[in-house]
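Read through the structure below, which is laid out as structure tokens, and then see the notes.
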Amino acid sequence: MRVTYFQQAPYRHLPADFHTRHPSVVTTPYFTYVEPRLMQQDLLAFVSEMMHAAREGFDGVALTEHGQSSYDVMPNPNLIAATLATMTEFEGLKVAINVLGRSLGKSREPLRVAEEYAVIDCLSGGRLIAGFPVGLSYDANQNAGIPPILTRERYFEARALVEKAWSAREPFAWNGKHFKYPQVNPWPRPIQQPKPPVWVPGVGSPGTMADILGREDTYVYLSWFGAKLTGPRIFDRFWQTADKLGRDRNPYRLAFLQVVCVGESDAAAERDYAGHVEAHFRNGLGSIPPSGLMMPGYTERGGVEAVMRDPGDLGLVARIREAGFAEMAEAQVVIVGGPDTVAEQIEAFARRFNIGHLLVMLQLGTMPEALTRQNISLFARHVLPRLRDIWAKEGWPELSWPAALGAGTPPQPAKTAA
């Protein structure tokens, strides 16, 4: 199993009663709450924590894109990804640089996305994983002003342009419906040819799953609202779709993101993390109005039908701001406990649903840097070694992983930490 450290970049200093005073985290005026020096502190801590994870032995570091957002202040993740690519290259840390977004559905400059990704791949020596999400509805349709009904067709055209720009041997013109370039000839091109590995985040739409499987990319399920509630629906749907399309059940077709909090013991974990977990979901992700996730026209027909048949796809989303820590832990919104508890839950989940790539989110909301580093180190030293061997005996080739980091062969079993 490949295990990647994932982090968002929240503003960590919102007041505890924020959720009682504001209906939406994405519409709150910036200057109402933000102290510029604290914003700088948080962004520097973000980079420091990502590098700490790289040094602790994770297979990759991952970040994503959100515009006009306090829970993830990352309007262009390529800025930080380039920094991480350079720092890890100088230190000889052979980790994947996994950018789970540039949101092509909202982009007005897809050629720039192609160029920026190519720079990161060159800086890292061919370690980029290129994420191509459609983009959250509120971000694409509200923040960027893209009509919901056009979001997906813009996405598919932008992706086709990016991939051709990476591999074309001669300059070419692009005269599409949404994007027009008299000449496309980007410098540099990615080291990985014809393209870097591609991961596509999704929330369960059958059409998205089918498209990803058809392209031999990796599907990333971002589980925010209760993996125990949503996982059986989403993962069974994914593998059933794979069966229908004649794809094998290689676990590396599937990546799963889980919030995790590791303590010295179960009791210590609850003591250390409960308040931060509740603050994150009440004042961060839980403060995205459900209407902003699926604006009319944004979701494809198959996705709407799936939700109508089974609203359980959305887990605790409707009441996440009111849920307490115990309820969130029970639903696996967060997996929390001592190393044994955490490892057992993750291994059982991965084996049950055939998951080859795990992304773990070990910082959230108000969690300070010292506690985040503790969480990273406890996971890396006491949980990660127990996960690496899950698929070692199966012999599955690794899909969607940089060749410079051993793609095509199963990862070597990790040595147990002392």
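All residue numbers for the sequence shown refer to our numbering, where the first residue is 998 and numbers rise by one. C-beta: ideal position from N, C-alpha, C; glycine also. Note that the structure is predicted; figures quoted are calculated from it, not measured.
Query                                                                                                                         : Result
Neighbourhood of Asp1269 by C-beta distance below 7 Å, restricted to the same chain and skipping five residues each side      : Gly1260, Leu1368
Cβ distance (whole Å) where Phe1222 is taken to contact Val1330 below 8 Å                                                     : 6 Å
Cβ-Cβ distance between His1354 and Arg999 below 8 Å                                                                           : yes
Contact set for Ser1374: own chain, Cβ-Cβ below 7 Å, skip 5 residues either direction                                         : Glu1053
Cβ-Cβ separation, Thr1061 to Gln1005 (assumed contact under 8 Å), whole Å                                                     : 7 Å
Inter-residue Cα distance where the pair is Pro1382 and Glu1106                                                               : 41 Å
Enclosing beta strand (DSSP E) for Phe1253 [first to last residue]                                                            : 1251-1259
C-alpha distance - Thr1227 paired with Gly1201, whole-angstrom precision                                                      : 9 Å
Contact belief for Ser1100 with Ala1137 at Cβ below 8 Å, rounded distance in angstroms                                        : 6 Å
Same chain, Cβ closer than 8 Å to Ala1340, five either side skipped, listed in chain order                                    : His1379, Val1380, Arg1383, Leu1384
For Tyr1068 and Pro1007, believed in contact at Cβ under 8 Å, the rounded distance                                            : 5 Å
Cβ pair count under 8 Å reaching 3, the segment 1023-1030 against the segment 1319-1334                                       : no
Chain-order list of residues whose beta-carbon lies under 7 Å from that of Ser1045 (same chain, five-residue window excluded) : Glu1366
Per-residue DSSP class, three states only, for Arg1124                                                                        : coil
Nonlocal neighbours in the same chain, by C-beta distance under 8 Å from Lys1174, ignoring five residues either side          : Glu1150, Glu1154
The segment 1333-1348 contacting the segment 1235-1246, beta-carbon criterion three pairs below 8 Å                           : no
Buried versus exposed, by CB contacts within 10 Å (16 or more), Ile1117                                                       : buried
Cβ shell of Asp1056 (< 7 Å), same chain only, five flanking positions each side left out                                      : Arg999, Val1000, Thr1001, Val1092, Ala1093
Neighbourhood of Leu1402 by C-beta distance below 7 Å, restricted to the same chain and skipping five residues each side      : Lys1091, Ala1093, Arg1124
Cβ neighbours of Glu1160 in the same chain (closer than 7 Å, five flanking residues each side left out)                       : Lys1192
Ala1266 vs Gly1321 beta-carbon contact at 8 Å                                                                                 : no
Opening and closing residue of the beta strand (DSSP E) in which Trp1236 lies                                                 : Counting along the chain, Trp1236 falls outside any beta strand (DSSP E), though it belongs to the alpha helix (DSSP H) covering 1224-1241.
Residue burial classification, Gly1034 (beta-carbon count within 10 angstroms, cutoff 16)                                     : Note on residue identity: the sequence assigns Arg, not Gly, to residue 1034. Counting Cβ neighbours within 10 Å, Arg1034 comes out exposed, since fewer than 16 surround it.
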